[in-house]
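J.:
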Amino acid sequence: MTATSSRPRDGGGPLTGTGAMVRLALRRDRLRLPIWVLVVVALVPRFYYAATSAVVPTPQALADATRLIRASFMRVLAGPFFGAEAVTTQKYFLAAYWVEFLLAAALMNILLVTRHTRAEEQSGRAELVRAAVVGRPAQLTAALVVAAAGNAVLALLAAVAAGAIGFTAGGALLFGASLAAAGMVFAAVAAVTAQLTEHPRGATGLAGAVLFVAWLLRGAGSLQAEQGGPLFWLSPIGWSQQTRVLAGDRWWPLGLSVLLAALLVAAAYALAGRRDLGAALVAARPGTACAPVWLRSPLALALRLRRAAIVSWAAAFLAVGLVLGGMTGAMSVTDLPIFAGADFGRAWLGLMVFTGSLYTGVHAVLSVLRLRAEEVRGLAGPVLAGPTSRRAWFGSSLLASALAVVALLTVYGVALGAGAALSTGDGRLVAEVAWASLRRVPEVLVLLAVPAALLGLAPRAAGAAAWAVLGCSGFVAVLGAYLRLPGPLVNASVLSHLPWHPLEAAAPVATVVLLGLAAALTGLGLYGLRRRDLSTG
Amino acid sequence: MTPAITVSGLVKTFGPARALDGLDLTVNTGEVHGFLGPNGAGKSTTIRILLGLVRATSGTVRLLGGDPWADAVALHRRLAYVPGDVELWPNLTGGEVIDVLGRLRGGIDERRKRELIERFELDPRKKARTYSKGNRQKVALVSALAADVELLILDEPTSGLDPLMEAVFQQVVAEVKAAGRTVLLSSHILAQVETLADRITIVRDGRAVESGTLARLRHLTRTTIAAETASPVTGLDRLPGVHRARAGAGSVSFSVDAEHLDAAVRHLTTFGIRSLVSHPPTLEELMLRHYETEEAAA
Ligand SMILES: Nc1ncnc2c1ncn2[C@@H]1O[C@H](COP(=O)(O)OP(=O)(O)OP(=O)(O)O)[C@@H](O)[C@H]1O
Ligand SMILES: [Mg+2]
């Protein structure tokens, strides 16, 4: 502990102990937080380099790129675009990548705040802390203070990075501030969702859903008008973009972010001050006294344990699929060079099918890492001490995760297809999109098999490594072409091998290779698991 | 002197579940108070209310002269708590956790901390992730017992400790008591409470069913007698106040209400006593008796 001993002042203010909690949080996150900030900041020059290689060479290229960025397709993903009259590479950089930075900042804050609030309560550690001289809202306050500090550092470093790639000083500062503002709003969102559910995963999921809606409203608003229509103004992500960095720099939209953050924080405090430690908004209801008859095999147990997660993900996929599919009709066909001659609606659907596969990968990794948590927390012990072999435990858990992957991709594909069919009037899209979604099962199985292999071979590193593989694969697959990444690197990504478009493209060789890889990784995991010691709590 | 803790008519509901149902509890200043009850009786819930972690549904609760919910922070300066299930931050060492918790309480007595670490044979340099259950428990115990506070609230504090460490714990609590501090000790380990507690309260289904000194509670209850006699004992069942009589060839055992003890022993002498063992009711028997009476009433 680097913190110096400090005796809290007398009196019993509700914020007593906040300082100590801040130091504790910084000690716990001494690696995690700097890594987050540095990775986000490092992407500024990296994306800028991509932008220069995309547009710099000739005025003609710049004009093409501008047309691309103004197409409705890109507006939904990255829009809106300010300052189209006099495009520069810096403006192009903002138009193409600003949203990604805002999303990253928001995600960093959601994870950070949940980790220091609801996760502490659920683990039982908060009970020890709260029994000490620590005010009821001190932990929440500390989490927000750490988030604010992290956002301030992020803003400063991002501003420096933006200055280095040729932003004006004012523009660079405003860019940094826009990230911090989005980050702070979502720190506040997470502060509220942490009061609502008993499990940290639920809190993260709810905050993530809010983030997705914010992203969607921003996209829909960008479709309404190039500078952002009414829907756009409903999105906190949009407010950050409305600062119009380098296109008339204005600070006042960030006032909206500050206001919303303040309101949400006030709501979080009101909820936190009233409720019992560890309690959710609604008390847990009693369940059944006996296990149902089907709950008799390791596979059934694995599915039962994952049921709540699978059902909530499926519900989210259903809603998201319908909405994203419903946008298909609005995608106008333009002369985009990269999709020259292609059916634009189908190109959009191809990209969305791929996105679904990426998110299913997130589910798969969570589902497999559950095994590690079961092992460490001693839940695997009683099962393995019975006649269940490690192979049966591991295999049936992975099978349950794999079945969930297939189910989720099906639900998503059908929903996306149905949304598309409704918006375009083309009923064939349902089957076509569902099939395209199912064809991505092999790559998600590889994403699932990576943590499975690590669980056997390097269990302590499994979590971090699995997320790194998923993150890098997604990053490279989505942006590899734009970033002009070297071919071998792109090919190293699990997600680069099944084509996104046209929708009906099949890739039998890649499919077989990916399935083989997934099987091999799983085998490796089982090999390791049968040889290593089990960790105990 | 005002009691350290007074609870009356305490009710706590979790949705439809009624965890506490009119519980009464008084802990006098300077005493060690045993808080006993079967699983799910409501001990931890009561303690969490006393700590202001959970809000009472109804009833009155006073702790060290304050309201545990409204004055939580000020009161926590004067108490320390050890839960039965200790969770620690996995990437901090045990020593770091002890310091963090100590500082959160307003500073820690370094000398006493070192002494306790030694007595509990704890290695403070290990990461919390690698501690066994008992060692996690020791971390919380050291941090709480090293605190200079008036009141210790201990919720099954020795779950997972080995018998040697259990003995160390008993010694330390005896010292704490000698220093004039108040201790609320919840437990299933009856022997632990028997030796330490001045008074005990037994809870069941969210209510206090008995409260008082052990001596008084025993007086209210039955003594168990086992004897060997020269000739087989007869006629025991007809004596008033005798329960669960079991007679074998030349041996007999039964329990008898305090006021009928004299008559029962007199009866035995007529059969020629060879050996006689009598023991006062254990707390198990105290609790069992309550189950029996309630079942009989139901
Ligand atoms: N958060 C909660 N939601 C619903 N019911 C609860 C909750 N906390 C406790 N209970 C219920 O309240 C009752 C009392 O629980 P409590 O933990 O106080 O028992 P206890 O006496 O400490 O038991 P043990 O000796 O097993 O620790 C139990 O029936 C328990 O199921
Ligand atoms: Mg308990």
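The listed protein sequences derive, respectively, from chains A and B. Take 1 as the starting number for the first sequence in UniProt numbering and just add one per residue. Take 1 as the starting number for the second sequence in UniProt numbering and just add one per residue. The beta carbon of each residue, even a glycine, is placed where N, CA and C say it ideally should be.
Alpha carbon to alpha carbon, how far is residue 306 (chain A) from residue 446 (chain A)?
T.: Straight-line Cα distance between these residues: approximately 20 Å.
J.: Considering only DSSP beta bridges, list what residue 360 (chain A) is partnered with.
T.: Note: residue 360 (chain A) sits in no beta bridge, so no partner.
J.: Quick test of your reading: residue 88 (chain B) and residue 125 (chain A), contact by CB under 8 Å. State the CB separation rounded to the nearest angstrom.
T.: Their Cβ separation, rounded to whole angstroms, is 7 Å, which keeps residue 88 (chain B) and residue 125 (chain A) in contact under 8 Å.
J.: Does residue 28 (chain B) get closer than 8 Å to chain A when you measure Cβ to Cβ?
T.: No, residue 28 (chain B) does not count as interfacial toward chain A.
J.: Please find out if some non-hydrogen atom of ligand 1 comes closer than 7 Å to the beta-carbon of residue 188 (chain B).
T.: Flag set: Cβ of residue 188 (chain B) near ligand 1.
J.: Where does residue 285 (chain B) sit, in a helix, a strand or coil, going by DSSP?
T.: DSSP places residue 285 (chain B) in helix when its eight states are reduced to three.
J.: Report the neighbours of residue 235 (chain A) on chain B: residues whose CB is nearer than 8 Å to its CB, in chain order.
T.: The contacting residues do not exist; residue 235 (chain A) stays about 36 Å from chain B at best.
J.: So with Cβ pairs under 8 Å, would you call residue 127 (chain A) a contact of chain B?
T.: So, interface residue.
J.: Taking buried to mean at least 16 other C-beta atoms within 10 Å of its own C-beta, is residue 275 (chain B) buried or exposed?
T.: So residue 275 (chain B) counts as exposed.
J.: What is the chain-ordered set of residues for which the beta carbon lies under 5 Å from any non-hydrogen atom of ligand 1?
T.: Listed by chain position, these are B:14, B:17, B:19, B:39, B:40, B:41, B:42, B:43, B:44 and B:45.
J.: Can you list, in chain order, the residues of its chain whose CB lies under 8 Å from that of residue 362 (chain A), leaving out five sequence neighbours each side?
T.: Excluding positions up to five away in sequence, the list reads 470.
J.: Going straight from the alpha carbon of residue 98 (chain B) to that of residue 143 (chain A), what length do you get?
T.: For residue 98 (chain B) and residue 143 (chain A), the distance between alpha carbons rounds to 21 Å.
J.: Nearest-angstrom Cα distance between residue 384 (chain A) and residue 370 (chain A)?
T.: Straight-line Cα distance between these residues: approximately 16 Å.
J.: Run through DSSP, which three-state label would residue 100 (chain B) get?
T.: Residue 100 (chain B): helix per DSSP, three-state reduction.
J.: Looking only at its own chain, which residues have a Cβ that is under 7 Å from the Cβ of residue 126 (chain B), when we skip the five neighbours before and after it?
T.: Here the set comprises 93 and 94.
J.: May I have the straight-line CA-CA distance separating residue 188 (chain A) from residue 208 (chain B), to the nearest angstrom?
T.: Spanning the two alpha carbons is a distance of roughly 43 Å.
J.: Using a Cβ-based criterion (distance less than 7 Å to any ligand heavy atom), does residue 87 (chain B) qualify as near ligand 2?
T.: False, no ligand heavy atom lies under 7 Å from that Cβ.
J.: State the DSSP-derived secondary structure class of residue 509 (chain A), mapped to helix, strand or coil.
T.: In the structure shown, residue 509 (chain A) sits in a helix (DSSP, three-state: H, G or I).
J.: So, under 8 Å CB-CB, residue 132 (chain A) and residue 76 (chain B) are touching, yes? Tell me the CB distance rounded to an integer number of Å.
T.: At roughly 6 Å, the Cβ-Cβ gap stays under 8 Å, so residue 132 (chain A) and residue 76 (chain B) are in contact.
J.: Quick check on the burial criterion: 16 or more other C-beta atoms within 10 angstroms. Buried or exposed for residue 68 (chain B)?
T.: Buried is the call here.
J.: To the nearest angstrom, how far is the alpha carbon of residue 54 (chain B) from that of residue 167 (chain A)?
T.: Each residue's Cα considered, the two are about 52 Å apart.
J.: Do residue 17 (chain A) and residue 205 (chain A) have their C-beta atoms within less than 8 Å of each other?
T.: No, they are not a contact pair.
J.: Compute the Euclidean distance between the alpha carbons of residue 258 (chain B) and residue 151 (chain B), then round it to the nearest angstrom.
T.: When rounded, the distance between both Cα atoms is 35 Å.
J.: Quick check: the Cα distance between residue 192 (chain B) and residue 170 (chain B), rounded to an integer number of angstroms?
T.: Their backbone Cα atoms lie some 7 Å apart in a straight line.
J.: Within its chain, find whatever has a CB closer than 6 Å to the CB of residue 83 (chain A); leave out the 5 residues flanking it on each side and keep chain order.
T.: Once the five neighbours on either side are set aside, the close Cβ partners of residue 83 (chain A) are 91 and 247.
J.: CB of residue 156 (chain B) to nearest heavy atom of ligand 4: below 7 Å?
T.: Ligands in the displayed structure: ligand 1 and ligand 2; ligand 4 is not one of them.
J.: Helix or strand or just coil, what does DSSP make of residue 21 (chain B)?
T.: The answer is strand: DSSP assigns residue 21 (chain B) an E or B state.
J.: Give the residues of chain B in contact with residue 66 (chain A), contact being defined as C-beta atoms less than 9 Å apart.
T.: Going along chain B, no residue has its Cβ under 9 Å from residue 66 (chain A), so there is no contact; the nearest lies around 49 Å.
J.: Taking DSSP's pairing of strands, which residues face residue 155 (chain B) in a bridge?
T.: Residue 155 (chain B) is bridged to B:186.
J.: Mind listing, in chain order, the continuous beta strand (DSSP E) runs of no fewer than 3 residues lying wholly within the stretch 424-506 of chain A?
T.: List check, beta strand (DSSP E) in window: nothing returned.
J.: Hey, residue 155 (chain B) and residue 47 (chain B): beta-carbon distance below 8 Å or not?
T.: Yes, they are a contact pair.
J.: Does the CB of residue 309 (chain B) have a neighbour CB from chain A at under 8 Å?
T.: In the structure as shown, chain B begins at 1 and stops at 298. Residue 309 (chain B) is therefore absent and cannot be evaluated.
J.: Please classify residue 116 (chain A): does DSSP put it in a helix, a strand, or coil?
T.: Here residue 116 (chain A) sits in helix by DSSP.
J.: Residue 132 (chain A) CB to nearest chain B CB: under 8 Å?
T.: Yes, contact with chain B.
J.: Thinking C-beta only, is residue 195 (chain A) closer than 8 Å to residue 268 (chain A)?
T.: In contact: residue 268 (chain A) and residue 195 (chain A) (Cβ atoms closer than 8 Å).
J.: Taking only the alpha-carbon atoms, compute the straight-line gap between residue 266 (chain A) and residue 192 (chain A) and give it to the nearest angstrom.
T.: Approximately 9 Å, taken between the alpha carbons.
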